[in-house]
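Q:
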Amino acid sequence: MTGFRTRFAPSPTGYLHLGHVASACHARDCAGPKGAFLIRIEDIDPQRCLPVYEQALRDDLHWLGFESATPVLRQSDHLSFYREQRERLHAMGLLYRCACSRAQVQANALGRAPDGSAIYGGACRGRHVDGARPYVWRLDMKKALDRLGGAPAWTELDGRVVEGDAAAFGDVVIGRRDNGVSYHLCVTCDDARQGVTLVTRGQDLFDATAVHRVLQALLRYPEPLYAHHGLICDEAGRKLSKRDGAESLRALREKGMSPREIIALARASIGG
């Protein structure tokens, strides 16, 4: 399980916690001494991603001994690149503008996607939306899957082939209102241009891989392998989350824990 090009890609929306350490360990372990471990900062959300958190995560990762094999990539520095890739999809006739508010999307949802998000009802699909109004870009999933002849599968590191169910997500957002790009688009583009050969991340993103495989196939990007690791959960069985007040790495440092102890605790928590 060595020799891969992997990445750890946190968002600076809060301080790192033990779950992040476990994810970074998993990625670096999979890269091994013959591979390359990359660090990427996914900071396209200007409201939640703050400089103080970015500096903190850089400091914490350095303290733990995690160093990127290449200069750290900040997504906010490359918005024009992602928009160019979005335009490639638009040129294929696969994107449309959606001016529905979040409340409208929730009220008219067709159900819930595997990640818990609302499945868009399609009110703006096939309808002209004035570009002067606030809007998002959505992928017409049916058109995309028809173009590809079905949903692409993906292969896990253990050799298991997983049949994708991108249709279960509906018409996902490809371009946000504020900057014209989205998580699904940016992460797919970055994995390709950084030459990532093994995508390592938590089990909570397992189902979303189906959407990313669709984008990879449409944009003719290489197909990486995937390795989804287990999650560290709280006493209520919920995944550790900055938003829910998970104990930060900084708090563990203040308690006197060493980098070696924190890494050992993170590994043990996911059975690694």
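Be aware that the sequence shown starts at 1245, since it is given in the numbering used here, and climbs by one per residue. All residues carry an ideal CB built from backbone N, CA and C; glycine is no exception. Predicted model only: the values in this text are computed from it and were never measured.
Output the boundary residues of the alpha helix (DSSP H) element that contains Ile-1363.
A: Run containing Ile-1363: none; DSSP gives neither H nor E here.
Q: Are the CB atoms of Cys-1269 and Arg-1511 nearer to each other than 8 Å?
A: Yes, the Cβ-Cβ distance between Cys-1269 and Arg-1511 is below 8 Å.
Q: Go through its chain and collect everything with a Cβ distance to Leu-1389's Cβ below 8 Å, but skip five positions before and after it.
A: Correct list, in chain order: Ala-1395, Ala-1410, Ala-1411, Val-1458.
Q: Classify Arg-1330: buried if its beta carbon has 16 or more other beta carbons within 10 angstroms, exposed otherwise.
A: Buried, because 16 or more other Cβ atoms sit within 10 Å of the Cβ of Arg-1330.
Q: Would you be able to state if there are at least three C-beta pairs under 8 Å between the region 1289–1299 and the region 1248–1257?
A: Taking 8 Å as the limit for Cβ pairs, the verdict is that the region 1289–1299 does touch the region 1248–1257.
Q: Should the region 1458–1470 be regarded as contacting the region 1260–1267, the criterion being three or more beta carbon pairs within less than 8 Å?
A: No contact exists between the region 1458–1470 and the region 1260–1267.
Q: Are the beta-carbon atoms belonging to Leu-1354 and Leu-1383 less than 8 Å from one another?
A: Contact flag unset, no.
Q: So, with DSSP's three-state summary, where would you put Ile-1288?
A: It is coil, neither helix nor strand.
Q: For the beta strand (DSSP E) that Ile-1418 lies in, which residues bound it at each end?
A: Its beta strand (DSSP E) spans residues 1417–1419.
Q: Measure the Cβ-Cβ separation of Val-1380 and Val-1425 and say whether it is below 8 Å.
A: No. Outside cutoff.
Q: Beta-carbon separation of Gly-1309 and Pro-1503 under 8 Å?
A: In this structure, Pro-1503 lies closer than 8 Å to Gly-1309 by Cβ.
Q: Could you check the C-alpha separation between Arg-1332 and Tyr-1465 for me, to the nearest Å?
A: Taking the straight line joining both Cα atoms gives about 13 Å.
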